[in-house]
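Asks: Convert by adding 62 to the 1-based position in the sequence shown; the result is the number in my numbering. Every residue gets a Cβ at the ideal spot worked out from N, C-alpha and C, and that includes glycine.
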Amino acid sequence: MPALLDAAAGYYNRRELRQAERACTRILQLEPGQSQALHLMGLVKLARGDHRDARGWLERAVAARPSPEALVDLAAALTKNWELDDAIRCCREALAVAPELAEAHFNLGTALHWKRQFQAATESLQEAVRLNPDYLPARVNFGRSLLGIGNYPAAQRELEHVIAANPSHAGALLFYGISCHEQGQFDKAIGYYDRAHALKPTATDILGNMANAYRDVGNFARSAEIFEQVLALKPDYAEARNDYSHALLARGHFVRGWKLYEARWEANRWPDRATYAQPLWTGGSLAGKRLLVWGEQGIGDQMMFASMFPELLKFPASCTVVCEQKLMPLFARSFPAVHTIARRSREHEAACREPYDYQVPIASLGQYFRRSYAEFPRHSGYLRADPAKVAAWKARLAALGPGKKVAISWRGGFVGTRRHLRSIGIAEWLPILRTPGVEFISLQYTDCAEELAALREHHGIAPHHWQDVIDDYDETAALVCALDLVVSVCTSLVHLTGALGRPAWVLVPAVPEWRYMLAGDSMPWYPSVKLYRQDRIGEWNEVIGRVGALLKDFALQPAGLPVPAGG
63 MPALLDAAAG
73 YYNRRELRQA
83 ERACTRILQL
93 EPGQSQALHL
103 MGLVKLARGD
113 HRDARGWLER
123 AVAARPSPEA
133 LVDLAAALTK
143 NWELDDAIRC
153 CREALAVAPE
163 LAEAHFNLGT
173 ALHWKRQFQA
183 ATESLQEAVR
193 LNPDYLPARV
203 NFGRSLLGIG
213 NYPAAQRELE
223 HVIAANPSHA
233 GALLFYGISC
243 HEQGQFDKAI
253 GYYDRAHALK
263 PTATDILGNM
273 ANAYRDVGNF
283 ARSAEIFEQV
293 LALKPDYAEA
303 RNDYSHALLA
313 RGHFVRGWKL
323 YEARWEANRW
333 PDRATYAQPL
343 WTGGSLAGKR
353 LLVWGEQGIG
363 DQMMFASMFP
373 ELLKFPASCT
383 VVCEQKLMPL
393 FARSFPAVHT
403 IARRSREHEA
413 ACREPYDYQV
423 PIASLGQYFR
433 RSYAEFPRHS
443 GYLRADPAKV
453 AAWKARLAAL
463 GPGKKVAISW
473 RGGFVGTRRH
483 LRSIGIAEWL
493 PILRTPGVEF
503 ISLQYTDCAE
513 ELAALREHHG
523 IAPHHWQDVI
533 DDYDETAALV
543 CALDLVVSVC
553 TSLVHLTGAL
563 GRPAWVLVPA
573 VPEWRYMLAG
583 DSMPWYPSVK
593 LYRQDRIGEW
603 NEVIGRVGAL
613 LKDFALQPAG
623 LPVPAGG
């Protein structure tokens, strides 16, 4: 038996997988519970990509002899099958008896990464690297998880180590390209993607990232060509379908864009997505039906897609909407025919199982109600602020003195949402903030105390900032309705202002998120919003100067005149 096991292991190590499988089969015919043969058979299946079969063999190996090594390899198979919680459990069982096993830390970190628990993933992968500095797969995944927490310099250091050791490591080249891509270094990213592509010409993940990079430099023809190539190679590649949908929607190709956008669930693997028992609504008749619409993504998305509620509510007998807690007062007031439920509440948990006729995620409404530009209504606002709060804010703003009351927000998003490309340091806003005859109000929702203090100390400019108002979204909505204008980067404040029908000027990066489209000075979603676009990536001076000049003119206008659209 030892000789047969050695032979099987030799075949496996030389990647002669067919012979390895035959050798394992022969051993198991002689001794059906032989744990090493069961383990090796699982590894053979894993190497072949037969992840489900691999899990079965490795489960049998663990049952026969629960060694740390078998548990770790079972975790790898479980991760490939997207059974992440079970994979994490196996790794922790292995570490309980073998805390110095680098492979256990590696597989634990990998599973945590796919659960989007990036900080925990980096800690596990860092430990794997500490235990075995030459463990290149651990270094690659460590670099990838560092990208997940936005630590690009550290990610690049890890990936550079791998590339120095193995210049032909396509994965390291890919993730290094992603690190450049996320920092707006698009041409450099394309260079790394090209190197990875030369090594693996049919690797769809490399091609997909390359397509995104060409999209982000504005070469949409090349981007579309690569996306089509990816989908020809792998038609069910959810990440590519989802990413391509963004490029199509941004260009106004709504019908195909919405169709591909349905891949977003599989592409993102959002761990906090609720599971609904009801059948999905796919556009059929809703006459006399009970419909559950559930919010997804961020609060800005939920407000934007709520613009379709007026059309939707013409059909069902009853409609329940699940939204973020902070949107509850706004949605309840604005859509009195709808029953609103706070996301992640006990009522939400119960609604997942209640006998609604259908359920539908809010963004999926687009494929039924926004199939062309003509289907976007020229509304004057569909969200309603509390009238009493609006009146109170008008009085409070009037007490600040004469002049226009203008809100600003200069930083948007979070890691993974291109924050660095759509944010502008407050010091760069000086041509706007020095406008005479304007009282500025900060509606920056992230921590900005130090920035405002520096602005006051170095430039003598002190926008009003009321954190309690920002924390209470219904109060924020009332304040927006009392203002003369909002000037902002691309953030949820734009969605709130546009949904309220209030004027906003938005400073838009050269290649923005799809919601802002690719050209023109308006958003189809919000008629009251005007866009001022960058000419070149990363250069904001011209846009800020243009908006500053328009604001000077607006500040001189008598009260009551409409906000100028500008150009």
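With C-beta atoms as the reference, is residue 157 less than 8 Å away from residue 149?
Replies: By one-based count along the sequence shown, residue 157 stands at place 95. By one-based count along the sequence shown, residue 149 stands at place 87. Contact: no.
Asks: Roughly how far, in whole angstroms, is the beta-carbon of residue 303 from the beta-carbon of residue 325, given that I think they are within contact range, below 8 Å?
Replies: Within the sequence shown, residue 303 is the residue found at index 241, counting from 1. Within the sequence shown, residue 325 is the residue found at index 263, counting from 1. Contact holds; Cβ gap of about 4 Å.
Asks: From what residue to what residue does the alpha helix (DSSP H) around residue 182 run?
Replies: The residue you call residue 182 lines up with position 120 of the sequence shown. Unbroken alpha helix (DSSP H) run through residue 182: 180-193.
Asks: Where does the unbroken beta strand (DSSP E) through residue 402 begin, and where does it stop?
Replies: As a working note, residue 402 is residue 340 in the sequence shown. Start and end: 400-404.
Asks: Give me the Cα-Cα distance between residue 460 and residue 546, rounded to the nearest whole angstrom.
Replies: Here residue 460 corresponds to residue number 398 of the sequence shown, with the count starting at 1. Here residue 546 corresponds to residue number 484 of the sequence shown, with the count starting at 1. The alpha-carbon atoms of residue 460 and residue 546 are separated by roughly 11 Å.
Asks: Sorted by chain position, which residues of the same chain lie with C-beta nearer than 6 Å to residue 410's C-beta, five sequence neighbours on each side aside?
Replies: Residue numbering aside, residue 410 sits at position 348 when the sequence shown is read from its first letter. Excluding sequence neighbours, residue 410 sits near 384 and 403.
Asks: Using DSSP bridges, identify the partner residues of residue 503.
Replies: Stepping through the sequence shown from its first residue, residue 503 is reached at position 441. Beta-bridge pairing links residue 503 to 469 and 526.
Asks: With a threshold of 8 Å, are at least 3 pairs of Cβ atoms found where one atom belongs to the region 553-567 and the other to the region 524-534?
Replies: No: the two stretches stay apart, fewer than three of their Cβ pairs being nearer than 8 Å.
Asks: Does the structure place the region 502-515 close enough to the region 462-474 that three or more beta carbon pairs sit under 8 Å?
Replies: The region 462-474, when compared against the region 502-515, does touch it at the 8 Å Cβ threshold.
Asks: Can you check DSSP and say which residues form a bridge with residue 592?
Replies: Translated into positions along the sequence shown, residue 592 becomes position 530. Beta-bridge pairing links residue 592 to 567 and 584.
Asks: Confirm, please, whether the CB-CB distance from residue 198 to residue 175 is below 8 Å.
Replies: Residue 175 sits at position 113 when you count from the first residue of the sequence shown. Residue 198 sits at position 136 when you count from the first residue of the sequence shown. It is not a contact, given that the beta carbons lie outside the stated cut-off.
Asks: Using DSSP with H/G/I as helix, E/B as strand and the rest coil, what is residue 299?
Replies: Locating residue 299 in the sequence shown gives position 237, where the first residue counts as 1. It is coil, neither helix nor strand.
Asks: According to DSSP, what are the bridge partners of residue 382?
Replies: The sequence position of residue 382 within the sequence shown is 320, counting from 1. Paired residues: 354 and 401.
Asks: Starting from residue 197, trace the alpha helix (DSSP H) in both directions and tell me its first and last residue.
Replies: In the sequence shown, residue 197 corresponds to position 135, counting from 1. Where residue 197 is concerned, there is no enclosing alpha helix (DSSP H), given that its DSSP letter is neither H nor E.
Asks: Could you tell me the alpha carbon to alpha carbon distance between residue 479 and residue 271, rounded to whole angstroms?
Replies: Within the sequence shown, residue 479 is the residue found at index 417, counting from 1. Within the sequence shown, residue 271 is the residue found at index 209, counting from 1. Reliability fails at residue 479, whose pLDDT of 49 lies under 50, so the model's placement of it is uncertain and the value that follows must be treated cautiously. Each residue's alpha carbon lies about 15 Å from the other.
Asks: Going by other Cβ atoms of all chains shown within 10 Å of its Cβ, with 16 needed for buried, is residue 345 buried or exposed?
Replies: By 1-based counting over the sequence shown, the position of residue 345 is 283. Residue 345 should be labelled exposed.
Asks: Quick one, which of 102, 521, 91 and 94 has its alpha-carbon nearest residue 70's?
Replies: Locating residue 70 in the sequence shown gives position 8, where the first residue counts as 1. Among 102, 521, 91 and 94, the Cα nearest to that of residue 70 belongs to 102.
Asks: Would you tell me roughly how many angstroms separate the C-alpha atoms of residue 316 and residue 367, rounded to the nearest one?
Replies: Residue numbering aside, residue 316 sits at position 254 when the sequence shown is read from its first letter. Residue numbering aside, residue 367 sits at position 305 when the sequence shown is read from its first letter. Whole-angstrom Cα-Cα distance: 14 Å.
Asks: Taking all protein chains shown into account, do 16 or more other C-beta atoms lie within 10 angstroms of the C-beta of residue 591, making it buried, or fewer, making it exposed?
Replies: Along the sequence shown, one-based indexing puts residue 591 at 529. Buried, by the Cβ-count rule.
Asks: Identify which residue in 428, 619 and 501 has its Cα closest to the Cα of residue 322.
Replies: Your numbering for residue 322 matches position 260 in the sequence shown. Residue 428 is the option with its Cα nearest to residue 322.
Asks: Does the distance from the C-beta atom of residue 211 to that of residue 184 stay below 8 Å?
Replies: Here the question's residue 211 lines up with position 149 in the sequence shown. Here the question's residue 184 lines up with position 122 in the sequence shown. Yes, Cβ-Cβ distance for residue 211 and residue 184 is below 8 Å.
Asks: Contact check, residue 594 vs residue 570 under 8 Å by CB: the rounded distance?
Replies: Reading the sequence shown from its first residue, position 532 is the one you call residue 594. Reading the sequence shown from its first residue, position 508 is the one you call residue 570. The pair is a contact, with the Cβ atoms about 6 Å apart (cut-off 8 Å).
Asks: Whole angstroms are fine: how far does the CA of residue 448 sit from the CA of residue 398?
Replies: Residue 398 sits at position 336 when you count from the first residue of the sequence shown. Residue 448 sits at position 386 when you count from the first residue of the sequence shown. Spanning the two alpha carbons is a distance of roughly 13 Å.
Asks: Identify whether residue 64 lies in helix, strand or coil by the three-state DSSP scheme.
Replies: To locate residue 64, count along the sequence shown from 1; it is residue 2. Residue state, collapsed to three classes: helix.
Asks: Classify residue 389 as buried or exposed, calling it buried when 16 or more other Cβ atoms lie within 10 Å of its own Cβ.
Replies: For this step, residue 389 is matched to residue 327 along the sequence shown. Per the 10 Å Cβ criterion, buried.
Asks: Please confirm whether residue 146 and residue 177 have their CB atoms less than 8 Å apart.
Replies: Along the sequence shown, one-based indexing puts residue 146 at 84. Along the sequence shown, one-based indexing puts residue 177 at 115. Yes, Cβ-Cβ distance for residue 146 and residue 177 is below 8 Å.
Asks: Please state whether DSSP places residue 342 in a helix, a strand or coil.
Replies: On the sequence shown, residue 342 is found 280 positions in, with the first residue counted as 1. Strand.
Asks: One question on the structure: do residue 182 and residue 168 come within less than 8 Å of each other, judged by their Cβ atoms?
Replies: For the purposes of this step, residue 182 is identified with residue 120 of the sequence shown, where counting begins at 1. For the purposes of this step, residue 168 is identified with residue 106 of the sequence shown, where counting begins at 1. Taking 8 Å as the Cβ cut-off, residue 182 and residue 168 do not qualify as a contacting pair.
Asks: DSSP three-state call for residue 479: helix, strand or coil?
Replies: Numbered from 1 along the sequence shown, position 417 holds the residue referred to as residue 479. Caution applies to residue 479, whose pLDDT of 49 falls short of 50 and renders its modelled position unreliable; the value that the coordinates give is listed next. Residue 479: coil per DSSP, three-state reduction.
Asks: Alpha carbon to alpha carbon, what distance is there between residue 541 and residue 456?
Replies: Indexing the sequence shown from 1 puts residue 456 at position 394. Indexing the sequence shown from 1 puts residue 541 at position 479. The straight-line gap from Cα to Cα measures roughly 8 Å.
Asks: Do three or more CB pairs link the region 284-298 to the region 251-259 at distances below 8 Å?
Replies: Verdict: no, contact absent.
Asks: Quick one: Cα of residue 598 to Cα of residue 490, how far?
Replies: In the sequence shown, counting from the first residue as 1, residue 598 sits at position 536. In the sequence shown, counting from the first residue as 1, residue 490 sits at position 428. So the alpha carbons of these two residues sit roughly 16 Å apart.
Asks: Tell me the DSSP secondary structure of residue 540 in three-state form.
Replies: For the purposes of this step, residue 540 is taken as residue 478 along the sequence shown, with counting starting at 1. Here residue 540 sits in helix by DSSP.
Asks: Spell out the partners DSSP gives residue 74 in its beta bridges.
Replies: Here residue 74 refers to the residue found at position 12 of the sequence shown. In the DSSP output, where bridge partners are listed per residue, residue 74 has none listed.
Asks: Would you mind working out which of 318, 265 and 250 sits nearest residue 286, comparing C-alpha positions?
Replies: On the sequence shown, residue 286 is found 224 positions in, with the first residue counted as 1. Minimum Cα distance to residue 286 is reached at 318.
Asks: With a threshold of 6 Å on Cβ separation, who are the neighbours of residue 343 within its own chain once the five nearest residues in sequence on each side are excluded?
Replies: In the sequence shown, residue 343 corresponds to position 281, counting from 1. For residue 343, where only same-chain residues beyond five positions count, the Cβ hits under 6 Å are 420 and 422.
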